[in-house]
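Residue numbers (my numbering): 174 to 303. Note that beta-carbon positions come from the ideal geometry of N, C-alpha and C, so glycine has one too. The next block holds one structure in the form of structure tokens; read it before the comments.
Here it is, written out as structure tokens:
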């Protein structure tokens, strides 16, 4: 499954379209995607979709993975310091590309983000140290 770019009407109405692995498309309510996740909603419809994580790239290098149902505007932020913008991420060749303006804490605020490098600190700014 992959999210398709939102049209102006979809942005206005709060909807998002996902293309399923067999080419079908499904429209979902963005607020519900934020609350439950697209994978859970799609599974509730009885549709079986791959759940493999998707590589996340920045500056030409893979920095980690995001969940298969990741949508740039469809997740609850775990940091009060980051508010996603439509241009922060783009899908290219089956990989998400993060804009270079995003800091490590912004990336770390994505629910389900798994870093490739354990040495890099992707903790959001308002998350206490362990």
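Bridge partners for residue i per DSSP, in chain order?
i	result
residue 174	The partner list for residue 174 (beta bridge, DSSP) is empty, contrary to what the question assumes.
residue 188	202
residue 234	231
Whose C-alpha, out of the options, is nearest the C-alpha of residue i?
i	options	result
residue 245	234, 232, 236, 272	272
residue 199	225, 209, 176	176
Please classify residue i: is it buried, with 16 or more other beta-carbons within 10 angstroms of its beta-carbon, or exposed?
i	result
residue 283	buried
In whole angstroms, what separates the C-alpha of residue i from that of residue j?
i	j	result
residue 174	residue 296	27 angstroms
residue 263	residue 229	10 angstroms
residue 259	residue 190	15 angstroms
residue 179	residue 294	31 angstroms
residue 261	residue 269	10 angstroms
Quick check: is the beta carbon of residue i nearer than 8 angstroms to any beta carbon in chain C?
i	result
residue 265	In summary, chain C is missing from the structure at hand, where a single protein chain is found.
With respect to 7 angstroms, is the separation between the Cβ of residue i and the closest non-hydrogen atom of the ligand FAD below this value?
i	result
residue 214	Inclusion of the ligand FAD in the displayed structure is not the case, the ligand content being empty and no account of it being possible.
Checklist entry - Which full runs of the alpha helix (DSSP H) of 4+ residues lie inside the region 249 to 294, going along the chain? => result If we require 4 residues or more, the alpha helix (DSSP H) runs fully inside the region 249 to 294 come out as 277 to 281.
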